[in-house]
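Reading through the structure tokens given below for one structure.
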Ligand code: IMP
Ligand code: MG
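Residue numbers (this note's numbering): 22 to 200.
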């Protein structure tokens with residue numbers, strides 16, 4: 022399919038699945054080398070990172086690797102009125118561990134900054150960020166992206182876990198919003 026329509030918008034085929042698969046393969050190789058012996062705890066961030074986590078973890082060969090999935094819940098606090106964020110689904114104690122965050126995309130870096138702040142309170146020994154896609158030109162918060170698969174321009178994309186208002190997550194190829 023060269024182009025698809027999701028809700029009211031048209032998207033064009035941008036990166037085919039094999040290109041993305043190769044990029045994930047390279048990430049896995051690098052992690053297998055660099056994180057060997059670290060008993061890593063991989064944290065997939067829902068919903069977007071579900072497919073990336075699945076594709077990557079099949080190629081991770083480090084003994085003692087564990088995977089869990091997390092969601093960041095945001096809500097308005099009742100007393101302060103400020104926004105409260107908390108981690109849901111962290112069923113493993115990350116204290117003293119090497120934690121590898123698995124994200125679909127780092128865009129402005131705001132979500133990653135919140136996540137890093139929340140994890141810092143948990144006495145994690147080492148934090149690594151692994152994002153399938155990275156938009157360096159959109160970055161506002163200077164978060165470290167230790168591993169990434171493919172660099173993107175400031176375009177809105179869907180597929181490989183990324184959605185447009187709920188649609189498109191399941192697409193194996195990546196599509197870019199038509200101009
Ligand atoms: P950030 O906080 O701006 O770095 O954005 C991160 C989150 O925004 C990602 O985890 C995605 O859920 C979403 N996002 C950023 N860029 C895109 C895109 O191109 N398509 C779909 N979702 C995106
Ligand atoms: Mg996301």
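Virtual Cβ for every residue (Gly too), placed ideally from N, Cα, C.
Bear in mind that the values here come from a model prediction, so they are computed numbers and not experimental data.
Residue 46 and residue 22 have their C-alpha atoms roughly 25 Å apart. A residue is called buried when at least 16 other Cβ atoms come within 10 angstroms of its Cβ; residue 151 meets this threshold and is buried.
In this structure the segment 77 to 96 lies against the segment 56 to 66, because at least three pairs of beta carbons, one per stretch, are closer than 8 Å. Within the DSSP secondary-structure output, residue 65 pairs in a beta bridge with 90 and 123. Put simply, the backbone Cα of residue 30 is about 12 Å away from that of residue 184. Here the segment 141 to 151 makes no contact with the segment 24 to 38; the two share fewer than three CB pairs at distances below 8 Å. Residue 145 has its CB no nearer than 6 Å to any heavy atom of ligand 1.
A straight-line Cα-Cα distance of about 32 Å links residue 187 and residue 51. Annotated three-state conformation of residue 151 is strand, per DSSP. With a cut-off of 6 Å, the C-beta of residue 131 is classified as near ligand 1, since at least one heavy atom of the ligand falls inside that distance.
Taking a 10 Å sphere around the C-beta of residue 113, we find fewer than 16 other C-beta atoms and assign the residue as exposed. By alpha-carbon distance to residue 105, the top candidate from 115, 128 and 136 is 136.
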